[in-house]
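Protein chains in written order, with this note's numbering: chain A, 73 to 301; chain B, -7 to 103.
Below is one structure, written out as structure tokens, with a few remarks after it.
Okay, structure coming up:
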């Protein structure tokens, strides 16, 4: 539609009024937009300009830290997602892993009877030279060889088993008298355990340095160790 | 005179009613403002050239403003940042053309 104005024509006067109103209305909106844009832009610039150099440095550091933290979180989430995806496809593996963990825990606390390959140590003590401390040291040495379970004279050794010396009863293991000869059984890799126990200047040397004490180690294909009483 | 008065009123309103706009939208508002300014000048030019159509003018004003902001948004979403500059250049050129025409028409009417 094309508008041509003729001065004095009432129809054109009405058209002129509409035009003025429309342009004024648009001008108001444009002015409003301009002012809003100017105000926001000024605020952004002012916010940063008002900060000292130290604060700006701190802001940059904070932002950098935030970016790194977010990147780290993203990686962690990605890893977790991958893990969940894997676990969905391989539930059997998780069950097996859980069972293995449970068995390890049972072995650790000694709540179950254990059997497997390992070693047997026979210690003879003719004059009662061996004290509780020596046996505790021997147990610690065997544990350092990644032994799964240890028993002395059929008494299962757990992490809480006490070793005491009694003037009348001799050595007490877990409150039970355990006199010589001592039969120490340990489950684990026989080669490693043999090396740990027979180390030059090691625990074997300590024991055999006592008068009347013999210390013999043999590999065993099957050792059965009872549960903790 | 009335459109100029309207522009001043609009600026005052914008400064008085501090509408909160997130800093992230500054770019969109800026281009929309340019589009609005272009439409307003286009309307003034059309009125001076006696070619004014209020329906075309009002609809053009709103559609240009909204579409300008949308183009910039689209550019951001698609990773085509130059769309923002394209909008600025397009509106900038039109603004100067309209201003030049308005100036000529005003001088022509005086003569």
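Note that CB positions come from ideal geometry on N, CA and C, so glycine has one too.
These numbers come from a predicted model, not from an experiment.
Who are the neighbours of residue 128 of chain A on chain B, taking C-beta pairs under 9 Å?
Position 56 of the first chain, counted from the start, is the residue given in the question as residue 128 of chain A. Those within 9 Å of residue 128 of chain A in chain B number zero; the least Cβ separation is about 17 Å.
Among all the DSSP beta bridges, which residues are the ones paired with residue 287 of chain A?
Along the first chain, one-based indexing puts residue 287 of chain A at 215. DSSP lists A:195 as partners of residue 287 of chain A.
Buried or exposed: where does residue 241 of chain A fall if 16 or more other Cβ atoms within 10 Å of its Cβ makes it buried?
As a position in the first chain, residue 241 of chain A is number 169, starting the count at 1. Per the 10 Å Cβ criterion, exposed.
So is residue 69 of chain B buried or exposed if we call it buried at 16+ other beta carbons inside 10 Å?
For the purposes of this step, residue 69 of chain B is identified with residue 77 of the second chain, where counting begins at 1. Exposed, since its Cβ has fewer than 16 Cβ neighbours within 10 Å.
I'd like to know whether the C-beta atoms of residue 256 of chain A and residue 193 of chain A end up nearer to each other than 7 Å.
In the first chain, residue 256 of chain A corresponds to position 184, counting from 1. In the first chain, residue 193 of chain A corresponds to position 121, counting from 1. It is a contact, given that the beta carbons lie within the stated cut-off.
Determine which residues share a DSSP beta bridge with residue 244 of chain A and list them.
Taking the first residue of the first chain as position 1, residue 244 of chain A is located at position 172. DSSP, once it has assigned bridges, lists A:236, A:249 as partnering residue 244 of chain A.
Residue 52 of chain B versus residue 19 of chain B: straight-line alpha-carbon distance, rounded:
On the second chain, residue 52 of chain B is found 60 positions in, with the first residue counted as 1. On the second chain, residue 19 of chain B is found 27 positions in, with the first residue counted as 1. Computed Cα separation, rounded: 21 Å.
Which of helix, strand or coil DSSP assigns to residue 185 of chain A:
As a working mapping, residue 185 of chain A is identified with position 113 in the first chain. If DSSP states are grouped into helix, strand and coil, residue 185 of chain A belongs with coil.
Which one of B:49, B:22, B:16, B:-1 has the shortest CA to CA distance from residue 91 of chain A?
Position 19 of the first chain, counted from the start, is the residue given in the question as residue 91 of chain A. Residue 91 of chain A has its Cα closest to that of B:49, out of B:49, B:22, B:16, B:-1.
What residues in its chain sit with their C-beta under 6 Å from that of residue 296 of chain A, if we drop five residues either side in the sequence?
Taking the first residue of the first chain as 1, we reach residue 296 of chain A at position 224. The answer, listed in chain order, is 187.
Pop quiz: residue 214 of chain A and residue 233 of chain A are said to be a contact at Cβ under 8 Å. What is the actual Cβ separation, rounded to whole angstroms?
For this step, residue 214 of chain A is matched to residue 142 along the first chain. For this step, residue 233 of chain A is matched to residue 161 along the first chain. 13 Å between Cβ atoms; not a contact.
What do you get for residue 284 of chain A, buried or exposed, if any count of 16 or more other CB atoms within 10 angstroms of its CB means buried?
Walking along the first chain from the start, residue 284 of chain A turns up at place 212. So residue 284 of chain A ends up on the exposed side.
Between the region 19 to 29 of chain B and the region 222 to 239 of chain A, are three or more C-beta pairs nearer than 8 Å?
no
Residues of its chain near residue 201 of chain A, where Cβ-Cβ distance is below 8 Å and the 5 sequence neighbours each way are ignored:
For the purposes of this step, residue 201 of chain A is taken as residue 129 along the first chain, with counting starting at 1. So the qualifying residues of the chain are 282, 283, 284, 285.
With a threshold of 7 Å between beta carbons, is residue 172 of chain A in contact with chain B?
Along the first chain, one-based indexing puts residue 172 of chain A at 100. No, residue 172 of chain A lies away from the interface with chain B (no Cβ there is under 7 Å from its Cβ).
Own chain, CB closer than 7 Å to residue 5 of chain B, minus 5 neighbours either side, in chain order:
Within the second chain, residue 5 of chain B is the residue found at index 13, counting from 1. The answer is none, since no qualifying residue turns up.
Please check if any C-beta of chain A sits within less than 7 Å of the C-beta of residue 52 of chain B.
As a first step, residue 52 of chain B must be located in the second chain, where it is residue number 60. No, residue 52 of chain B does not count as interfacial toward chain A.
As a quick exercise: from A:156, A:153, A:207, pick the residue whose alpha carbon is nearest that of residue 250 of chain A.
For the purposes of this step, residue 250 of chain A is taken as the residue at position 178 of the first chain. When only C-alpha atoms are compared, the closest one is A:207.
Any beta-carbon of chain B closer than 7 Å to the one on residue 109 of chain A?
For this step, residue 109 of chain A is matched to residue 37 along the first chain. Judged by the 7 Å Cβ criterion, residue 109 of chain A is in contact with chain B.
Should residue -1 of chain B be labelled buried (16 or more other beta-carbon atoms within 10 Å of its own) or exposed?
Along the second chain, read from residue 1 onward, the residue named residue -1 of chain B stands at position 7. So residue -1 of chain B counts as buried.
Counting only C-beta atoms, is residue 94 of chain A closer than 7 Å to chain B at any point?
Position 22 of the first chain, counting from 1, holds the residue named residue 94 of chain A. By this cut-off, residue 94 of chain A is an interface position.
Opening and closing residue of the beta strand (DSSP E) in which residue 44 of chain B lies
Numbered from its first residue, the second chain carries residue 44 of chain B at position 52. Counting along the chain, residue 44 of chain B falls outside any beta strand (DSSP E), and DSSP gives it neither H nor E.
Give the C-beta separation of residue 94 of chain B and residue 47 of chain B to the nearest angstrom, bearing in mind that I take them to be a contact with Cβ-Cβ under 8 Å.
As a first step, residue 94 of chain B is located in the second chain; it is residue number 102 there, counting from the start. As a first step, residue 47 of chain B is located in the second chain; it is residue number 55 there, counting from the start. In fact, because the Cβ distance is near 22 Å, the residues do not count as touching under 8 Å.
Going by DSSP in three states, residue 79 of chain B sits in which element: helix, strand or coil?
Stepping through the second chain from its first residue, residue 79 of chain B is reached at position 87. In the structure shown, residue 79 of chain B sits in a helix (DSSP, three-state: H, G or I).
Is the separation between the beta-carbon of residue 99 of chain A and that of residue 74 of chain B shorter than 7 Å?
If you number the first chain from 1, residue 99 of chain A lands on position 27. If you number the second chain from 1, residue 74 of chain B lands on position 82. No.
Since I believe residue 107 of chain A is in contact with residue 7 of chain B (beta carbons under 8 Å), could you give me their beta-carbon distance rounded to a whole number of angstroms?
Position 15 of the second chain, counted from the start, is the residue given in the question as residue 7 of chain B. Position 35 of the first chain, counted from the start, is the residue given in the question as residue 107 of chain A. So it is a contact: roughly 5 Å between Cβ atoms.
If I follow the unbroken beta strand (DSSP E) through residue 268 of chain A, where does it start and stop?
Mapped onto the first chain, residue 268 of chain A falls at position 196. Not the beta strand (DSSP E): residue 268 of chain A falls in the alpha helix (DSSP H), residues 262 to 269.
Hey, out of A:231, A:172, A:89, whose CA is closest to residue 300 of chain A's CA?
Stepping through the first chain from its first residue, residue 300 of chain A is reached at position 228. Residue A:231 is the option with its Cα nearest to residue 300 of chain A.
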